[in-house]
Amino acid sequence: MATKKLIKGNVAICHGAIAARCDAFFGYPITPQNEIPEKMSELMPAHGREFLQAESEVAAINMVYGAACAGKRAMTSSSSPGISLKTEGLSYIAACELPCVIVNVQRGGPGLGNTLPGQADYFQAVKGGGHGDYRLITIAPWSVQECYEFMPLAFDLADRYRNPVMVLMDAIVGQMLEPVDLHENFEIHEYPKPWATNGARGRAHNIINSLWIKTEVMEGLNNRIQAKYAAARRHEVRYQEYRTDDADLVLVAYGSTARICRSVVDMARDEGIAVGLFRPISLYPFPEQQIADLAASGRRFLVAEMSAGQMVEDVRLAVNGSTDVYFHGRTGGAVPTPTEILNKVRAVFGKPPVVSHYGRTEG
Amino acid sequence: MEKVFGRPKGLTNVEFAYCAGCHHSIVHRIIAETMDELDIIHNTIGICPVGCAVFMYEYMSCDMIEAAHGRAPAVATGVKRVLPDRVVFTYQGDGDLASIGTAEIIHAAARGENISVIFINNTTYGMTGGQMAPTTLVGQKTTTCPAGRDPKVAGYPIRVCEMLATLDGPSYIERVCPTSPAGLAKTKKAIRKSFENQIEGKGFSLVEVLSNCPTQWKMNPIESFRWIDENMTKWFPPGVFVDR
Chain A
73 MATKKLIKGN
83 VAICHGAIAA
93 RCDAFFGYPI
103 TPQNEIPEKM
113 SELMPAHGRE
123 FLQAESEVAA
133 INMVYGAACA
143 GKRAMTSSSS
153 PGISLKTEGL
163 SYIAACELPC
173 VIVNVQRGGP
183 GLGNTLPGQA
193 DYFQAVKGGG
203 HGDYRLITIA
213 PWSVQECYEF
223 MPLAFDLADR
233 YRNPVMVLMD
243 AIVGQMLEPV
253 DLHENFEIHE
263 YPKPWATNGA
273 RGRAHNIINS
283 LWIKTEVMEG
293 LNNRIQAKYA
303 AARRHEVRYQ
313 EYRTDDADLV
323 LVAYGSTARI
333 CRSVVDMARD
343 EGIAVGLFRP
353 ISLYPFPEQQ
363 IADLAASGRR
373 FLVAEMSAGQ
383 MVEDVRLAVN
393 GSTDVYFHGR
403 TGGAVPTPTE
413 ILNKVRAVFG
423 KPPVVSHYGR
433 TEG
Chain B
40 MEKVFGRPKG
50 LTNVEFAYCA
60 GCHHSIVHRI
70 IAETMDELDI
80 IHNTIGICPV
90 GCAVFMYEYM
100 SCDMIEAAHG
110 RAPAVATGVK
120 RVLPDRVVFT
130 YQGDGDLASI
140 GTAEIIHAAA
150 RGENISVIFI
160 NNTTYGMTGG
170 QMAPTTLVGQ
180 KTTTCPAGRD
190 PKVAGYPIRV
200 CEMLATLDGP
210 SYIERVCPTS
220 PAGLAKTKKA
230 IRKSFENQIE
240 GKGFSLVEVL
250 SNCPTQWKMN
260 PIESFRWIDE
270 NMTKWFPPGV
280 FVDR
């Protein structure tokens, strides 16, 4: 029997982690993700699982590393500056081919930034973030329902690819309240973990390590990791399209910015401008072929982000110069308004901007 | 004829890469003997550091994890919390435990995390070429304090046992000095006790082993033992700091 609850995105993450049979949570307080460790401190012990507030983000990710080594499903959550502290650990976890899930509720940056929404950790999430050649499989929910449903998906991807998976949110997705169907229609696969360091009973000792002195061994590890990413690019591309069929201009956005752009599509359509929305759900692997296909059929693109322009680079790579790619970004916690983005759309089509009630030009 | 001495099962057949006369080899063997005696090889997970003991995972026959520099207590916490019936130990040098990993060791101790920590204090970064460590003695020459450690510039060596003994979390903290047969016997006893405490669920145990670094100290092993006795034990007195 499905139950609908009015909850925040951050709280939905916790219910999703429970549904995903997460064994251990390690975290550290930072706004705007505090509801996650707070709710987990209640839910995890209630389900016989492990919760521990670590002394730092650095310690938290290394506790995740330990629990993942032990063969258990482990996760942590944080926000932008805290994720920077975890990147050393993430590089080790990727190098040791360990599964785990990291939730980043992005805030304004750089530096200490502010606790308002941001999407400026895109590069850090999808290009690796830490040292060495590794990637995080990165998925971005745009609703509280997806916050819930993406956690079992994230753990499954982590186990299947033996790689850290990041659920990339922003302060709006984390803080907004929406009704959520807390169904349990998930198929939770059990993955054998013969590599786990959980006691060498009846087998040779296992070693989990990322130190490989010999070039051929270290390069072999890199080749194996890259082969996994190639497989992920074939099998794990996720995206959603809205009114792109006959669109002249396709908005590209993820997370809460995509929600705003969905409104812009309808506003533009009301004015007779054929606009659509392409929402990447998997940010790594990026839906580059789908965007290339849209470009090949003559569509132009307007990328909107709460950053100075990060995902737009991946769109440009996919488009490869074959059509125009425009950009609209806000930073520092500013959220683009629908009118602001609509004005960018109007500019592309040579139309003057909408004037607001206050007599000012918006945008 | 009865065999009275052999290679412990806790050690693999891989030859140690340590310098001649280095205490690492001795302490590795003591940990292996302890695992043999307590019959816990199949049930133990060791976490090794960054430093000279970075290859420890090749030498021990239990499951082993290589941690990032200084993070072994956090990694051990992650393992122990999800596998509370396993024996989990960390093995860390002074740079790893008392410099870059200070936060992790203090909080593992404060939580009374039920793990055993073997702390090798040889007052230097041996692996990287003999730089100044958090435990380098005042006046001691290293490659990054060639005129000797000046407390006006680099402060004072950290006494880890005394510092952690101010916390309520630890159940057992002892500093040992294996430069004599009696000191070696004490070292063995202390390491074994740290494992037994964990099996009994008593909580955090730490054994600091005053150790040598003949290569970076530019001494032969006998001179290095004497240097520990004459200099290190004055700043780092052996003894039991917590036992409850």
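Those sequence lines, one after another, are chains A and B.
Read left to right, the first sequence gives residues 73 to 435 (this note's numbering).
Read left to right, the second sequence gives residues 40 to 283 (this note's numbering).
Even for Gly, the Cβ is constructed at its ideal location relative to N, Cα and C.
Here the structure is a predicted model, which is why all the values come from computation and not from measurement.
Beta carbon proximity, Lys144 (chain A) to chain B, threshold 8 Å: It does: the Cβ of Lys144 (chain A) has a partner Cβ on chain B nearer than 8 Å.
Unbroken stretches of the beta strand (DSSP E), 3 residues or longer, contained in the stretch 231–278 of chain A: Taking only runs of at least 3 residues, the beta strand (DSSP E) segments lying wholly in the stretch 231–278 of chain A are 236–242, 249–253.
Length-filtered (4 minimum) alpha helix (DSSP H) runs lying within the stretch 129–188 of chain A: Inside the stretch 129–188 of chain A, DSSP marks whole alpha helix (DSSP H) runs of 4 or more residues at positions 129–141, 152–167, from first to last along the chain.
Neighbourhood of Ser100 (chain B) by C-beta, 7 Å cutoff - its chain only, sequence neighbours within 5 removed: Closer than 7 Å at the Cβ level, and outside the excluded window around Ser100 (chain B), lie Lys48, Gly49, Leu50, Thr51, Ile80.
Own chain residues within Cβ distance below 7 Å of Arg265 (chain B), not counting five before or after: No residues qualify anywhere along the chain.
Backbone CA spacing between Ala118 (chain A) and Asp95 (chain A) [nearest angstrom]: When rounded, the separation of the alpha-carbon atoms in Ala118 (chain A) and Asp95 (chain A) is 12 Å.
Cutoff 8 Å: Val93 (chain B) Cβ touching any chain A Cβ: Taking Cβ atoms only, chain A reaches closer than 8 Å to Val93 (chain B), which makes this a yes.
Proximal chain A residues relative to Cys101 (chain B), where beta-carbon distance stays under 7 Å: Ala272, His277, listed in chain order.
Residues of its chain near Thr269 (chain A), where Cβ-Cβ distance is below 6 Å and the 5 sequence neighbours each way are ignored: If we look at Thr269 (chain A) and ignore the five residues flanking it on each side, its Cβ neighbours are Cys141, Asn278, Ile280.
Glu313 (chain A) beta carbon less than 8 Å from that of Phe358 (chain A): In this structure, the beta-carbon distance from Phe358 (chain A) to Glu313 (chain A) does not fall below 8 Å.
Euclidean distance between Cα positions of Ile267 (chain B) and Thr141 (chain B): Each residue's alpha carbon lies about 23 Å from the other.
Supposed close pair Ala115 (chain B), Val127 (chain B) - CB separation, criterion 8 Å: Sure, about 5 Å apart at Cβ, within 8 Å.
Cut-off 8 Å between Cβ atoms - residues of its own chain near Asp317 (chain A), not counting five sequence neighbours on either side: So the list reads Gly348, once near-sequence residues are dropped.
Proximal residues of chain B, C-beta to C-beta of Leu452 (chain A) below 7 Å: In the structure displayed, chain A extends from 73 to 435; residue 452 (chain A) sits before or after that span and is not available.
Residues of its chain near Gly222 (chain B), where Cβ-Cβ distance is below 7 Å and the 5 sequence neighbours each way are ignored: Excluding positions up to five away in sequence, the list reads Val215, Cys216.
Contact list for the stretch 285–300 of chain A against chain B, Cβ threshold 7 Å: Those residues of the stretch 285–300 of chain A that come within reach of chain B (Cβ to Cβ, closer than 7 Å) do not exist; the list is empty.
Other residues of its chain near Trp267 (chain A): CB distance less than 7 Å, five sequence neighbours each side excluded: Cβ within range, chain order: Asn278.
Which of helix, strand or coil DSSP assigns to Ser282 (chain A): Coil at Ser282 (chain A), not helix or strand.
Nearest-angstrom Cα separation, counted from Glu262 (chain B) out to Glu129 (chain A): For Glu129 (chain A) and Glu262 (chain B), the distance between alpha carbons rounds to 43 Å.
Inter-residue Cα distance where the pair is Asn392 (chain A) and Ile353 (chain A): Those two C-alpha atoms are separated by around 21 Å.
Any C-beta of chain A under 8 Å from that of His81 (chain B): Interface with chain A (8 Å Cβ-Cβ cutoff): His81 (chain B) is included.
Residue-chain proximity (His63 (chain B), chain A), Cβ-Cβ < 8 Å: Not an interface residue.
Per-residue DSSP class, three states only, for Phe234 (chain B): It is helical.
Closest by C-alpha distance to Thr162 (chain B), when choosing among B:Ile154, B:Ser219, B:Met202, B:Met171: A check of alpha carbon separations from Thr162 (chain B) across B:Ile154, B:Ser219, B:Met202, B:Met171 identifies B:Met171 as the nearest.
Other residues of its chain near Leu285 (chain B): CB distance less than 6 Å, five sequence neighbours each side excluded: Given that chain B is displayed from residue 40 to residue 283, the structure contains no residue 285 (chain B) and the question cannot be resolved.
Straight-line gap, Asp342 (chain A) to Ala376 (chain A) (C-alpha atoms, nearest Å): It is roughly 20 Å from the alpha-carbon of Asp342 (chain A) to the alpha-carbon of Ala376 (chain A).
Runs of beta strand (DSSP E) wholly within the stretch 142–179 of chain B (minimum 3 residues, chain order): The DSSP assignment places complete beta strand (DSSP E) segments of no fewer than 3 residues inside the stretch 142–179 of chain B at 155–160, in order along the chain.
Simplified DSSP state of Gly99 (chain B), which is helix, strand or coil: It should be pointed out that residue 99 (chain B) corresponds to Met in this sequence rather than to Gly. Correct three-state label for Met99 (chain B): strand.
Proximity test, Cβ basis, 8 Å: Leu124 (chain A) and chain B: When Cβ-Cβ separations below 8 Å define contact, Leu124 (chain A) makes contact with chain B.
Glu213 (chain B) - DSSP class collapsed to helix/strand/coil: Of the three classes helix, strand and coil, the one that applies to Glu213 (chain B) here is strand, per DSSP.
Neighbour flag for Cys141 (chain A) against chain B, beta carbons, 8 Å: So, interface residue.
Other residues of its chain near Thr83 (chain B): CB distance less than 8 Å, five sequence neighbours each side excluded: Answer for Thr83 (chain B): Met74, Cys101, Asp102, Arg125, Val126, Val127, Phe128, listed in chain order.
Closer than 8 Å at the beta carbon, the chain B residues around Glu160 (chain A): The contacting residues are Ala107.
Neighbourhood of Ile32 (chain A) by C-beta, 7 Å cutoff - its chain only, sequence neighbours within 5 removed: Since the first residue shown for chain A is 73 and the last is 435, residue 32 (chain A) is missing from the structure and cannot be characterised.
Backbone secondary structure at Gly119 (chain A) - three-state DSSP: Before going on, a small fix: residue 119 (chain A) reads as His here, not Gly. In the three-state reduction of the DSSP assignment, His119 (chain A) falls in the coil class.
Residue of A:Leu229, A:Phe258, A:Gly405, A:Arg331 minimising C-alpha distance to Arg58 (chain A): A query on residue 58 (chain A) cannot be resolved here, the shown segment of chain A reaching from 73 to 435 and no further.
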